[in-house]
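Reviewing the structure listed below.
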Amino acid sequence: MYFTYSLLLTLAFLILLPRFVLDAIRHGKYAAGFWQRTGAVPRVEFDAARPVVWVHCVSVGETMAARPVVAELLARHPHFRIVVSTTTLTGQRTAQAQFGDITTLIIYFPFDWAWSVRRALRRINPGVVLIMETELWANFLRECHRRAIPVALVNGRLSSGSMRGYGRIRFFMRRVVNDLSVAVMQSDADAGRIASLGLDASLVKIAGNVKFDVTENVSDARDLCERFRLEAARPLIVAASTHHTEEQIMLAAFSSLLNDSLLSPTARPRLIIAPRHPERFAEVAALIQKHTASYSRRSAAPLPNDATSDIILLDSIGELAEVYRHAEIVFVGGSIAPRGGHNILEPAAAGACVITGAHTANFAHITQEFREADAFIQLPASVSDADATQSLLAAMRDLLNYEPHRAQLISNAHHVITRNRGATSRTLDFIAPLFMVDGDKGKGARTKDE
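Numbering-wise (my numbering), the sequence shown opens with residue 514 and increments by one.
In structure tokens:
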């Protein structure tokens, strides 16, 4: 089965190779770190007294979720060395911003061929591997198991959609998941799904979602606030992590707000749009320019009208957290477009009112908690972009006009976040046995691998 898996992986790579080459020319999204993806990562020198913990995150969301885990791990084991890997370019940039000063190395995750995985493992020589959320790479897990390297799935989640896919190859997935040492899942549903794939129930734990513990993001974006006068009296709406069609819907709703006779004169808003994928920045800029509202772009040279422009394109990485602190309303994207949604906890923790579309399957447990507590606004499923625009317009108008409603949503969200904290500590307790080899030195204290 592993030979067949590797063969299919190779065929997929060859089929997608033209896309990778084209991307290298245009954006560098997939081409970035190509040699590291073959396992040619910098070597981490062996030190029995300072074992290495490899933390793998796919992209931005998983990287942000890893922050409290890494912080508490180092608080408990300050002599550990941390290596963080990501799959995407945006994840890599986020990792550099969040972990650059506390990690030994930040790398791209290797392609899941046995030879590239072996090369990376030899060079990093980890004592323990922590995989954030959803990454189940068959050859990587198998090679770790062969080297007696414990692997923990941390903050694990398996959506119903993923389960449908895994269910078609359940006999293979049983072998894959049983190379895990422990799976610390977000919810009962997630735990049940991974157990149904064949993982021994004694290795499945439930700790809650560590993203509830990500309550403050450190972001040095003071110049952004000063340049665009985000502290000014006009209320700020943020469209965060938007996907194709969502910018057009938000721009149409926002344009209507600016000319809305039902909106209080003191509630005339400004809008910041932050697309999810950097390769779409130019596309979204062209879309904004079609509207009559005044417009500024973060990446452009500063201009006098930046302080008063109606619309700001945040075409940068790592500044969204600072923007949340100044926002009255945050629409979290990937939720009108059927992408499963993105994390609503960070803007809610910053004190903004959160709006999402109907598609939030990627964060089903979180959105259920918020829905039951009346802690955010979730728009109904839309049959058209015009329908979505009207729903979004009505929600934003209501929040801008009625401050008590905003205050209640913010208060409710605060209570949801507070009562769900503690998952990080529980997670570290569950995985603590993986580090308890040769006293407190962890598996990384074993003999040198090469």
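Glycine included, each C-beta is placed from N, C-alpha and C at the ideal position.
>> Taking 7 Å as the limit between beta carbons, can you name the residues of its chain near Ala-553, skipping five residues before and five after?
In response: As a first step, residue 553 must be located in the sequence shown, where it is residue number 40. If we look at Ala-553 and ignore the five residues flanking it on each side, its Cβ neighbours are Arg-632.
> How should Ile-615 be labelled, buried or exposed, when 16 other C-beta atoms within 10 angstroms of its C-beta is the threshold for buried?
Replying inline: Mapped onto the sequence shown, residue 615 falls at position 102. Exposed, since its Cβ has fewer than 16 Cβ neighbours within 10 Å.
>> On a Cα-Cα basis, can you pick out the residue from Thr-805, Pro-748, Met-698 and Val-689 that is closest to Pro-782?
In response: Counting from 1 along the sequence shown, the entry for residue 782 is found at position 269. Nearest of Thr-805, Pro-748, Met-698 and Val-689 to Pro-782, Cα basis: Pro-748.
>> Here's the rule I'm using: 16 or more other beta-carbon atoms within 10 Å means buried, otherwise exposed. How should Asp-942 be labelled?
In response: Counted from its first residue, the sequence shown places residue 942 at position 429. With fewer than 16 Cβ atoms within 10 Å of its Cβ, Asp-942 is classed as exposed.
> Would you call the CB atoms of Phe-844 and Leu-905 closer than 9 Å?
Replying inline: For the purposes of this step, residue 844 is taken as the residue at position 331 of the sequence shown. For the purposes of this step, residue 905 is taken as the residue at position 392 of the sequence shown. Yes, the Cβ-Cβ distance between Phe-844 and Leu-905 is below 9 Å.
>> Going by beta-carbon coordinates alone, are Ile-923 and Gly-864 separated by less than 9 Å?
In response: Translated into positions along the sequence shown, residue 923 becomes position 410. Translated into positions along the sequence shown, residue 864 becomes position 351. The Cβ atoms of Ile-923 and Gly-864 sit closer than 9 Å to each other.
> If you pair each beta-carbon of the stretch 691-706 with each one of the stretch 829-836, do three or more pairs fall below 8 Å?
Replying inline: no
> Buried or exposed: Leu-521, going by 16 or more other Cβ atoms within 10 Å of its Cβ?
Replying inline: Position 8 of the sequence shown, counted from the start, is the residue given in the question as residue 521. Answer is exposed; the Cβ neighbour count stays below 16.
> Closest by CA to Phe-653, which one among Val-929, Ser-822, Ala-704 and Val-630?
Replying inline: Within the sequence shown, the letter at position 140 stands for residue 653. Looking at the Cα atoms, Val-630 is the closest of the given residues.
> What residue from Asn-856, Gly-678 and Ala-862 has the CA that sits closest to His-872's CA?
Replying inline: By 1-based counting over the sequence shown, the position of residue 872 is 359. Residue Asn-856 is the option with its Cα nearest to His-872.
>> I'd like the span of the beta strand (DSSP E) that includes His-928, first residue to last.
In response: Here residue 928 refers to the residue found at position 415 when the sequence shown is read from its first residue. Taken as a continuous stretch (DSSP letters only), His-928 belongs to no beta strand (DSSP E), being part of the alpha helix (DSSP H) at 916-932.
> What residue from Met-763, Leu-784, Thr-758 and Ala-765 has the CA that sits closest to Ala-745's CA?
Replying inline: Within the sequence shown, numbered from 1, the residue matching residue 745 stands at position 232. Comparing Cα positions, the closest option is Leu-784.
>> Mapping the DSSP letters down to three states, classify Lys-724 as helix, strand or coil.
In response: Here residue 724 refers to the residue found at position 211 when the sequence shown is read from its first residue. The answer is helix: DSSP assigns Lys-724 an H, G or I state.
>> On a Cα-Cα basis, can you pick out the residue from Trp-626, Gly-870 and Val-582 that is closest to Val-727?
In response: Along the sequence shown, one-based indexing puts residue 727 at 214. Of Trp-626, Gly-870 and Val-582, the residue nearest in Cα terms is Val-582.
> Which of helix, strand or coil does DSSP assign to Pro-860?
Replying inline: The sequence position of residue 860 within the sequence shown is 347, counting from 1. It is helical.
> Roughly how many angstroms lie between the CA atoms of Ser-491 and Ser-777, to the nearest whole one?
Replying inline: Outside the shown range of the chain (514 to 963) lies residue 491, about which nothing can therefore be said.
>> Only counting the same chain, and skipping five residues up and downstream in sequence, which positions put a Cβ closer than 6 Å to that of Ala-579?
In response: Within the sequence shown, residue 579 is the residue found at index 66, counting from 1. Here the set comprises Val-568, Cys-570 and Met-645.
> Quick one: what's got a C-beta closer than 6 Å to Ala-926's C-beta in the same chain, skipping five residues either side?
Replying inline: Numbered from 1 along the sequence shown, position 413 holds the residue referred to as residue 926. Ala-861 and Ala-888, listed in sequence order.
> Mapping DSSP to helix, strand and coil, what is Thr-599?
Replying inline: One-based indexing of the sequence shown puts residue 599 at position 86. Strand at Thr-599.
> Do Asp-703 and Ile-682 come within 9 Å of each other at the CB atom, strictly closer than that value?
Replying inline: Walking along the sequence shown from the start, residue 682 turns up at place 169. Walking along the sequence shown from the start, residue 703 turns up at place 190. It is not a contact, given that the beta carbons lie outside the stated cut-off.
>> Using only the alpha-carbon positions, how far apart do Gly-613 and Ile-930 sit?
In response: Position 100 of the sequence shown holds residue 613. Position 417 of the sequence shown holds residue 930. Between Gly-613 and Ile-930, the C-alpha separation is close to 27 Å.
> From the DSSP output, which residues share a beta bridge with Cys-718?
Replying inline: One-based indexing of the sequence shown puts residue 718 at position 205. With the sequence shown as reference, residue 718 is identified as Lys, and Cys is not the correct amino acid for it. Val-697.
>> Please report the distance separating the alpha-carbon of Arg-910 from that of Arg-606.
In response: For this step, residue 910 is matched to residue 397 along the sequence shown. For this step, residue 606 is matched to residue 93 along the sequence shown. Approximately 35 Å between the Cα atoms of the pair.
>> Within 10 Å of its beta-carbon, does Trp-650 have 16 or more other beta-carbons around it, so buried, or fewer, so exposed?
In response: On the sequence shown, residue 650 is found 137 positions in, with the first residue counted as 1. So Trp-650 ends up on the buried side.
>> Taking a contact to mean a Cβ-Cβ separation below 9 Å, would you say Ala-964 touches Thr-576 in this structure?
In response: Outside the shown range of the chain, which is 514 to 963, sits residue 964, and nothing can be said about it.
> Contact between the stretch 788-801 and the stretch 709-723: three or more CB pairs below 8 Å?
Replying inline: no
> Which residues does DSSP pair with Phe-794 in a beta bridge?
Replying inline: Taking the sequence shown and counting its residues from 1, the one referred to as residue 794 is at position 281. The partner list for Phe-794 (beta bridge, DSSP) is empty, contrary to what the question assumes.
> Around the C-beta of Tyr-808, are 16 or more other C-beta atoms found within 10 angstroms, so that it is buried, or is it exposed?
Replying inline: Taking the sequence shown and counting its residues from 1, one reaches residue 808 at position 295. Counting other Cβ atoms within 10 Å of its Cβ, Tyr-808 reaches 16 or more and is therefore classed as buried.
> If we ignore side chains and look at the alpha-carbon of each, how far apart do Asp-736 and Pro-815 end up?
Replying inline: On the sequence shown, position 223 is the one that residue 736 refers to. On the sequence shown, position 302 is the one that residue 815 refers to. Their Cα atoms are separated by approximately 11 Å.
> Which whole runs of the alpha helix (DSSP H) in the stretch 729-768 are 4 residues long or more, in chain order?
Replying inline: 735-741
>> Based on DSSP bridge pairs, tell me the residues matched to Pro-788.
In response: Taking the sequence shown and counting its residues from 1, one reaches residue 788 at position 275. Answer is Thr-755.
> Which residues share a DSSP beta bridge with His-878?
Replying inline: Here residue 878 refers to the residue found at position 365 when the sequence shown is read from its first residue. His-878 is not bridged by DSSP to any residue.
>> In whole angstroms, give me the CA-to-CA distance for Met-676 and Ala-877.
In response: Position 163 of the sequence shown holds residue 676. Position 364 of the sequence shown holds residue 877. Distance between the alpha carbons of Met-676 and Ala-877: 15 Å.
> Cα separation between Leu-527 and Asp-625?
Replying inline: Here residue 527 refers to the residue found at position 14 when the sequence shown is read from its first residue. Here residue 625 refers to the residue found at position 112 when the sequence shown is read from its first residue. Taking the straight line from one Cα to the other gives about 14 Å.
> Taking the beta strand (DSSP E) that Asn-668 falls in, what are its first and last residues?
Replying inline: Taking the first residue of the sequence shown as position 1, residue 668 is located at position 155. Looking at the DSSP string, the run of the beta strand (DSSP E) that includes Asn-668 is 664-669.
> CB-CB under 7 Å to Leu-770, same chain, minus the five flanking residues each way: which ones, in chain order?
Replying inline: As a first step, residue 770 is located in the sequence shown; it is residue number 257 there, counting from the start. So the qualifying residues of the chain are Leu-776, Pro-782, Leu-906, Met-909 and Arg-910.
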